[in-house]
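Below you'll find the structure, written out as structure tokens, and then a few comments.
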Amino acid sequence: MIARVVSIMCFLCLAQPALAVCSGTDLRTTLSADEQAQLDKVLDDTVFAEGNHWKATRGDSTLHLIGTMHLDDPRLAAPVSRLRETVEAADLLLLEMTAEDEKALQQSLSTDPSLLIMPDATLPELLSEDEWDQMSEAFRARGVPPAMAARFQPWYVSLLLAVPPCANLQDMSSGGLDAKLEAIARTADVPRAALEDVNTVFAAFAGQPRKTQLDMMLSSLVDPAVSEDLFATLLASYFDEATAEGWAVSEILAQRYSPIDPDAAADVFATIEQEMLVDRNRAWLPVLLDATRANERVVAAFGAAHLPGADGVLALLQAEGFTLERLAF
Numbered sequence: 008m009i010a011r012v013v014s015i016m017c018f019l020c021l022a023q024p025a026l027a028v029c030s031g032t033d034l035r036t037t038l039s040a041d042e043q044a045q046l047d048k049v050l051d052d053t054v055f056a057e058g059n060h061w062k063a064t065r066g067d068s069t070l071h072l073i074g075t076m077h078l079d080d081p082r083l084a085a086p087v088s089r090l091r092e093t094v095e096a097a098d099l100l101l102l103e104m105t106a107e108d109e110k111a112l113q114q115s116l117s118t119d120p121s122l123l124i125m126p127d128a129t130l131p132e133l134l135s136e137d138e139w140d141q142m143s144e145a146f147r148a149r150g151v152p153p154a155m156a157a158r159f160q161p162w163y164v165s166l167l168l169a170v171p172p173c174a175n176l177q178d179m180s181s182g183g184l185d186a187k188l189e190a191i192a193r194t195a196d197v198p199r200a201a202l203e204d205v206n207t208v209f210a211a212f213a214g215q216p217r218k219t220q221l222d223m224m225l226s227s228l229v230d231p232a233v234s235e236d237l238f239a240t241l242l243a244s245y246f247d248e249a250t251a252e253g254w255a256v257s258e259i260l261a262q263r264y265s266p267i268d269p270d271a272a273a274d275v276f277a278t279i280e281q282e283m284l285v286d287r288n289r290a291w292l293p294v295l296l297d298a299t300r301a302n303e304r305v306v307a308a309f310g311a312a313h314l315p316g317a318d319g320v321l322a323l324l325q326a327e328g329f330t331l332e333r334l335a336f
């Protein structure tokens, strides 16, 4: 959902540059021996570490769980083709954000700039001169005038910087696997609903102390080439259906490249994991359970990072008595 929200905010609030096509390197091949050992330990301790399509069954209820990415990519064509029948046969499709939610979010952001703007400070006031110079350069690389961005909320800037300058926001705005599956459901007259209120992600970020938000923002301030490589690594792990690996590698690489203190970078990553994954997973569980009680065949499509781990959606469903089976993606 983050990438989808970023694309919406960019089109509403920012100048749109002509952006190049990303061609970064998968950094999983560059891990040192110590980094690889750290990764191996994490993966050894992670349940449901792989797989983008799972079936959960309990009694007469069937729930398909599809791990998505929120931006477009030519490699999605094959999964979309394979998943079409599953979506068309569903009684309900659950998403992080429906098209109607997206439209409401666009309207909200266009009419209430306070959601994105600091009322009491500017970034140049909160940063050192050198930090603001680097931040200004990062804004320009993404087609954003620094003068316009000076009052942006730090959490919002951290989302913008997560997208490398090479990424084509026009492609992002067309939606990823979520949007493609929703289009199939709409054509097949399959009802659609959201797993959460559209403001959930905003509240999770905006509720953080400003110091935490500033650390989140500065931790994303990396060299554009590195940003492109991090982006490529995350995408490659997704299409390898190695979601837990992709998340763990992102944390390891944050320690390698983040310009802030390593302990602060680790705290930022832990905060994001708790707020964006763990807390939301637990909030989604009753929604998923209610959906399976009311419908025999449910499909839930959401960011793939929500699937693995002890606090992931799959483990939570298993604890509720569901039997899990990995299916072709």
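Per the working numbering, the sequence shown starts with residue 8, numbered consecutively. Backbone N, C-alpha and C fix where the C-beta goes; we use that ideal spot for every residue, glycine too.
Backbone secondary structure at L101 - three-state DSSP = strand
A192, DSSP secondary structure in three states = helix
query = With distances taken from CA atoms, which of L284, E258, V285 and E282 is nearest A273?
reply = E258
key: Identity of the residues DSSP links to S68 by a beta bridge   = R65
message = My output table needs one value for I267: the three-state DSSP class, helix, strand or coil.
response = coil
ask   = Looking only at its own chain, which residues have a Cβ that is under 7 Å from the Cβ of D98, when we skip the five neighbours before and after it?
value = N302, E303, R304 and V305
query = Can you tell me the Cα-Cα spacing of D80 and T118, whole angstroms?
reply = 31 Å
task = With a 10 Å radius around its C-beta and 16 neighbouring C-beta atoms as the bar for buried, classify K187 as buried or exposed.
result = buried
inquiry  = For E332 and I191, I'd like the C-alpha separation in whole angstroms.
reply    = 24 Å
message = Given this structure, state the Cα-to-Cα distance separating I267 from A249, to the nearest angstrom.
response = 28 Å
query = Going by alpha carbons, who is nearest to L237 out of P171, D204 and R149?
reply = P171
inquiry  = Using 8 Å as the cut-off, can you tell me whether the stretch 150 to 170 makes contact with the stretch 218 to 236, which would need three or more C-beta pairs spanning the two stretches below that distance?
reply    = yes
key: With 16 other Cβ atoms within 10 Å as the buried cut-off, status of P120   = exposed
request  = Compute the distance between the beta-carbons of A311 and L295, then report whether it is under 8 Å.
outcome  = no
inquiry  = Taking 6 Å as the limit between beta carbons, can you name the residues of its chain near I73, skipping five residues before and five after?
reply    = H60 and A308
query = When burial is assigned at 16 or more other CB atoms within 10 Å of the CB, is R89 buried or exposed?
reply = exposed
ask   = How many angstroms separate the CA atom of R300 from the CA atom of D196?
value = 20 Å
request  = Check whether the Cβ atoms of D286 and A201 lie closer than 8 Å to each other.
outcome  = no
N-terminal and C-terminal residue of the alpha helix (DSSP H) that A201 is part of = It is not in any alpha helix (DSSP H) - A201 instead sits in the beta strand (DSSP E) that spans R199 to A201.
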